[in-house]
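Q:
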Amino acid sequence: MSSWLPSSIGSDPAVLSKEPDVSGTGYSSEPQSALGRFAETASWVLLAMLLVLSLWWPCDTAIAVAKGESFWHIGLALGVFFFAAILASSVARTVAWQRMSVLWLLVAMVIAWHALVTGYSIGRVNSKNAIYGFWQSTALWCLIPSVAWLARTPERAARLVKLWWVIALFVILWGFWEYAVLQPSQQAQLAKDRIGYLQANNIDPDSSAAVLIVNRIESTEVLSVFALANSYAGFLVALWPLWFGWMLQGLGRSPESRSAVRSGASDANRFSDRAVWLVPLVLVIATALALLLTKSRTAWLATGVATVLAMLLDPILRSDLGRWIKQKPGVFAGLGVMLLGLFGTVYAIDPLIFQEAGKSLAYRMDYWRGAWKLIAEQPLFGFGSLNFQTAYLQVKAITASESPADPHNFLLELAHSGGLVLLGLTVLLMVCLSFFQLRSRLFRSEKLSEPVFSEPVYNEPMGASMRGPKWFWGAAIIASVLVFLFAFFTAGDLELYGTAIVLAGALAFGVWLTRSPAASASVYLLVKNHPLLFLVSFLGVLVHFLASGGWMFPGTMVSPAIALGLWIAGANWAESTQTLGQPSTLSQPSALGRSKGVLAALAILGLWGWSMAMPWFQAQRAYAAFPKDGKTGRLVLDKAIADKSLPTVDEYFALVTSAPLDPDLARWGMEFSGAVMDSDIPVSEKASWLHQFQQACKFLIERSPKDSTAYADAAVESLRTSIGQTLDTSLTEEMAFRRQGGGPALRGPSASGGARTRGGAARATTTRTIGTQLQEDSLRYYQEATKYAPANAELHLQTAMVAAMLGNWKVCEAKLDQAEEIDRETKHRDRKIEAARIWIPHELAPLLEDRAKSAKKIPEDSSPQWDTFKRLVDRSDSVPGEPVRQMLRSFFNKP
C-alpha cells in the first residue's frame, strides 16, 4: 500500500491527480465546473479566516455573543456553508451521499425548530439575545457539513488539520506567555496602584468591569486568549485525543521503518524523522501542563475519559495497547507515576483546587435546580438562547451563590433555550452523527503502511510537493498578519513582544508541518488510520460540557465542529479502502437535487441578513456616531453641540427604532437623550428630549421584558438624569408654563419690546419638579428590578436608598428588611451586604438629608451612622453597602 500513499499532504491538484482516486467520499476528486472550483477556493479561504478569528478572538461568553462580538464569526461560518454547498452541487456523487443526507436532514430539523422557538420568544424575552444565540448555534451546525464536503479526501482533511494545529499551538504558547510574563507584571502594577492602573486602562475603578479585570489579573489560572479558564480547558480537551494519538503513532513506528530512514536519508532528514515522534510528545506534555494550569476539574475528567475512549474505540490503538503493555510495562508504570507526581505538585502549590471541588459541585447543583424550575415553566418552547441568566435570577434561591450566564450543562442549556423538543432533536442528531458508519471503523483491522522516504524525496526543492493551495495558506497567513498588526497598534510592549514570539513559534511549527515530508506523511497517516480520534475529540468536549459552560460559542465549539465534520468525512475514506480498485458507482442527481444545498444556504443567508446583519449594522451606525468618555462612560456631545451637528429629535428617533428588537440600542438612546438633557441646549428644546428619554426607558423594558438588569439600567439613568433637573429647575418652569397654555417659549423679546413673562411659573414650585418625577421613575424601575431578582441584596439596598431620597419610608423599610434577610441567609461573602456598592450621587445627598430631617429620622444632634455616611458620600458616589445599611436602619430604630 505504500506505493500509492502520498508522501505529502496538501499537494496541489496536479500532483494529486497522478494518484488513483481513493477518496470514496461520495464525490469526485475535483469539481466538475469552474463555479465549483471557485466555490471550493472561496470555502477554504473563509474557513482559514474563521479558524484564525475563532481561536484568536474566541467570544467564549454569553455576554460577548449577546453583544454581537461574534458577528463576523457567524458571517464567515455561513459563508463557508454557502460556498461549500455550491461545491457539493458541482461534484459527482456516489450512493454514500444518500446515507449522509439523513444527517443533514436532522441538522435542518434542529435548525428549523430552533428558528421556530426563537420566533416564539420575540416579545417574551430579550429577543436580541435569542436571535444572536440562534445564529451562533446555526453557524456552528452548518460548519459540520461544510467540513465534511470540503474534506472529501484524506489529503484535504490533513490540510485542514494542519492549520487547526498551528493555530492551536499559537493559543497554547500565548497562554504560557500570559501566565509567566503578563500576569506577574499586571499583578505587580495592580498591587502598586489599583485605581491608577484601572484608570490608565480607561476602566472605572468602581464598575463591574473593574471587578472582572481585577479577578482576571489576580487569577492563578492560565486563560490564554479566552475569557474563562473552563473555555480554554474545553479547547484543550478537543486537541488532546488527536495529539495523544499522533504521539503514540510516532512512538509506535516499526523498527524497520526507522532503520530504513537512518540508512537512506541525510542527517537533516534523519533529524526530521526523529521530530515526527518528538514534536507530538512535546505537544502532549504542553497540553497536559496547560490543562493542569486551567485548574478545570471537569476538563481533567473529560481528558481522562477521552484517553480511555481513544484506546478502546480506535482499532489500531486498541490492538497495539496489549502489545505495548506486554513489551514496555515500565513505560506505562512510569507514566502513571509521572501523572501522580504532577497532580501531587499541583496539590502542593494550590490545595484549594481539590479541597473546593465539593463547593464547586454545590454551585452547579444550584444552577441545575434553577434550570429545571425554568424548564418546567416552558417545557415546549423554552426561553430562547442566551437568556438563562435573566430567567435564572427570577428563581434563584437566596442561598445560591453566583448568577451564571448558562446552567453549566449543555443538555439543560438546550432544554432551556428551545424546550424539550430541541433537546430531543439535538441529542438524536449527535447520536446519529456519532454512530455514522461506526461499526465499519470500530472493528477495522487494516491500516496504511508506513512510508519509507528515500533520499531523492528529500532532495526535492523544499516544499515543492507540500506547498499546498496558495489560497488556503495565504488566507491563514494574511489573517495572522492582521492579528500581529492589531497587537502592534493596540497592545502594550509585553503583549506585542509576546505576540511576535508566539507567532514565530507557531509559524515555525507550520513550516515544519507543511515542508517536511515525514511530518506531512505522519499527519496523513493519523487522519487516514485514526478517524475515530475525531469522534473522541467531540465526545470529550461533550463530557466537559456536562458540568461546564461554553456550549455553542465560537472559541469552544469550532474545534469540536471541525472534528465532527472530519469524522463524517472519514467514514467514506474507510469505505474507499475496502473498495480500492473497484469502479465507483456514480449517480447524477437531478438539477433540483443538486441545488437543494445551495437553496438552503441562500435561505439561511437571507434570513441572517434580515434578522441579524441589518439590525447589527444599524446599531453600529448609532454607536459610532458619538464616542463615550473613557473615564465616566457618558456620551461626549459637547463637540456635536458646538458644531451644531447634534441630530434632531426625529433623526434620533429613527436611529433608536432602526433595530426594534435591540435593547442595547434603546439603552444607547436612553444614555444619549439623558446626556442631551444635561447639556447646554436651550431649555425649550429639552422638553422634547425629556419625552425621548422616557420613551427610551420604555423601549428598553419592552425589548428585554422581565429583565432585572434592564429595569436597573433604566433606574440608574433616570436617577442620573434627575441630578441636573434637581439643580436646575428651568425645565420644570418651562413645562409648567406650557401646561398653563403659555405655548412654546419665546426666544426673543415680544412685539412690545419687553420680555414675555411666564404666567404661573412661580407656582411651579408647588408641583413636582422634573427632577422629582425622574427620581420617582427611578424608584419604580428599581422596585421592578427587585421583583425579577429577589435574591439580590445589593439591588434591594439600592432601592431602599432611592426610596429614602424620596421620603418613601414604607418602601425603604420593606426593601431594607429584604436586603438584611438575604444577608443573613446567604453563606457567600460576595453576596452579602458588606460586598455591595451603593450608588449615591453626592449632588442628591442634601435631598436625602432634607427628607430625613423633615421626617425626624435624624436626631437634632445627628448620629454616628449618619456622620459616617456623609463622609463616605463626600469621598465617592459609590459607597460600601454596610455603612448604608447601618445609616438606613438607624432611621427606623426606636430611641
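Per this note's numbering, the sequence shown starts with residue 66, numbered consecutively.
Idealized CB from N, CA, C, for every residue including glycine.
These numbers were taken from a predicted model, which means no experiment stands behind them.
Grouping DSSP H, G and I as helix and E and B as strand, with all else coil, what is arginine 785?
A: helix
Q: Output the distance between the C-alpha atoms of tyrosine 589 and alanine 583, rounded to the nearest integer angstrom.
A: 10 Å
Q: Compare the Cα-Cα distances from alanine 173 to each of Tyr185, Asn191, Leu152, Ala204 and report the closest residue.
A: Measuring C-alpha to C-alpha distances from alanine 173 to each of Tyr185, Asn191, Leu152, Ala204 identifies Ala204 as the nearest.
Q: On the criterion of 16 or more Cβ atoms from any shown chain inside 10 Å, does glycine 739 qualify as buried, or is it exposed?
A: buried
Q: Taking the continuous alpha helix (DSSP H) assigned at proline 680, which residues delimit it?
A: 679-690
Q: Please name the residue in Gln314, Gln392, Val486 whose C-alpha comes closest to that of histidine 179.
A: Ranking the options by Cα distance to histidine 179, first place goes to Val486.
Q: What are the partner residues of arginine 902, as DSSP defines its beta bridges?
A: Pro945
Q: Measuring straight from C-alpha to C-alpha, what distance separates glycine 813 and proline 123?
A: In this predicted model, glycine 813 has a pLDDT of only 36, less than 50, meaning its place in the structure is not dependable enough to derive any value.
Q: Distance check for alanine 127 and phenylalanine 25, CA to CA, integer angstroms please.
A: The shown model of the chain, from 66 to 960, leaves out residue 25, and the question about it has no answer.
Q: How many angstroms separate the CA atom of phenylalanine 718 from the CA atom of phenylalanine 758?
A: For phenylalanine 718 and phenylalanine 758, the distance between alpha carbons rounds to 10 Å.
Q: Could you name the residues of the same chain whose beta carbon sits closer than 7 Å to that of alanine 731, not counting the 5 residues immediately before and after it, in chain order?
A: Val721, Ala761, Phe764, Leu765, Arg768
Q: What distance in whole Å lies between the Cβ atoms of phenylalanine 610 and phenylalanine 448, which are believed to be in contact at a cut-off of 8 Å?
A: With 8 Å as the limit, phenylalanine 448 and phenylalanine 610 do not qualify as a contact, their Cβ atoms being about 19 Å apart.
Q: Report buried or exposed for lysine 892, applying the criterion of at least 16 other Cβ atoms within 10 angstroms of its Cβ.
A: So lysine 892 ends up on the exposed side.
Q: Using alpha carbons as the reference points, say which of Ser284, Leu862, Thr491 lies closest to proline 945.
A: Leu862
Q: Hey, tyrosine 197 and glycine 140: beta-carbon distance below 8 Å or not?
A: It is not a contact, given that the beta carbons lie outside the stated cut-off.
Q: Are three or more beta carbon pairs between the segment 302-317 and the segment 277-286 nearer than 8 Å?
A: Contact check between the segment 302-317 and the segment 277-286: fewer than three CB pairs, one atom from each, fall below 8 Å, which does not count as touching.
Q: Using only alpha-carbon positions, find the residue among Phe501, Gln790, Gln685 that is nearest to glutamate 908.
A: Gln790
Q: Going by Cα to Cα distance, which pick from Leu784, Asp727, Gly299, Gln443 is closest to alanine 612?
A: The option with the nearest alpha carbon to alanine 612 is Gly299.
Q: Going by Cα to Cα distance, which pick from Asn295, Leu507, Gly734, Leu356 is closest to arginine 686?
A: Measuring C-alpha to C-alpha distances from arginine 686 to each of Asn295, Leu507, Gly734, Leu356 identifies Gly734 as the nearest.
Q: State the DSSP-derived secondary structure class of isoleucine 151, mapped to helix, strand or coil.
A: helix
Q: Mapping DSSP to helix, strand and coil, what is isoleucine 627?
A: helix
Q: Taking its Cβ as the centre, do 16 or more other Cβ atoms sit within 10 Å of asparagine 267, making it buried, or is it exposed?
A: exposed
Q: Could you tell me whether the segment 188-202 touches the segment 768-780, using the rule of 3 or more Cβ pairs below 8 Å?
A: yes
Q: Taking only three categories from DSSP, how would you classify leucine 667?
A: Residue state for leucine 667 is assigned as helix, using DSSP reduced to three classes.
Q: Using three-state DSSP, classify isoleucine 746 as helix, strand or coil.
A: coil
Q: Would you kindly work out how many angstroms separate the C-alpha atoms of leucine 871 and isoleucine 463, rounded to a whole number?
A: 28 Å
Q: Span of the alpha helix (DSSP H) holding methionine 617?
A: Looking at the DSSP string, methionine 617 is not in any alpha helix (DSSP H), and its letter there is neither H nor E.
Q: Where does the unbroken alpha helix (DSSP H) through aspartate 915 begin, and where does it stop?
A: Per DSSP, aspartate 915 belongs to the alpha helix (DSSP H) from 910-919.
Q: Spatial neighbours of alanine 858 within its chain, please: C-beta separation below 7 Å, excluding the five flanking residues on both sides.
A: Ala884, Ile887, Asp888, Arg896, Lys897, Ile898, Ala901
Q: For alanine 829, which residues in the same chain have their Cβ closer than 6 Å to its Cβ, ignoring the five residues on either side in sequence?
A: Because alanine 829 carries a pLDDT of 39, less than 50, the predicted location of this residue cannot be relied on, and the following value inherits that uncertainty. Correct list, in chain order: Thr797, Glu798, Ala801.
Q: Within a Cβ cutoff of 6 Å, which residues of the same chain sit near alanine 961, ignoring the five residues on either side of it in sequence?
A: In this structure the chain extends from 66 to 960, so residue 961 is not present and cannot be described.
Q: Which residues in the same chain as serine 119 place their Cβ atom closer than 8 Å to its Cβ, once the five residues preceding and following it in sequence are excluded?
A: His138, Pro619, Gly620, Val623
Q: Going by DSSP in three states, valine 156 sits in which element: helix, strand or coil?
A: Coil.
Q: From which residue to which residue does the alpha helix (DSSP H) around methionine 261 run?
A: Here residue 261 turns out to be glycine, not methionine, going by the sequence shown. From DSSP, the alpha helix (DSSP H) with glycine 261 extends over 259-265.
Q: Just verifying my parser: in three-state terms, what is the DSSP assignment at leucine 293?
A: coil
Q: Looking at the unbroken alpha helix (DSSP H) that takes in histidine 893, where does it start and where does it end?
A: Unbroken run through histidine 893: none, as it is neither H nor E.
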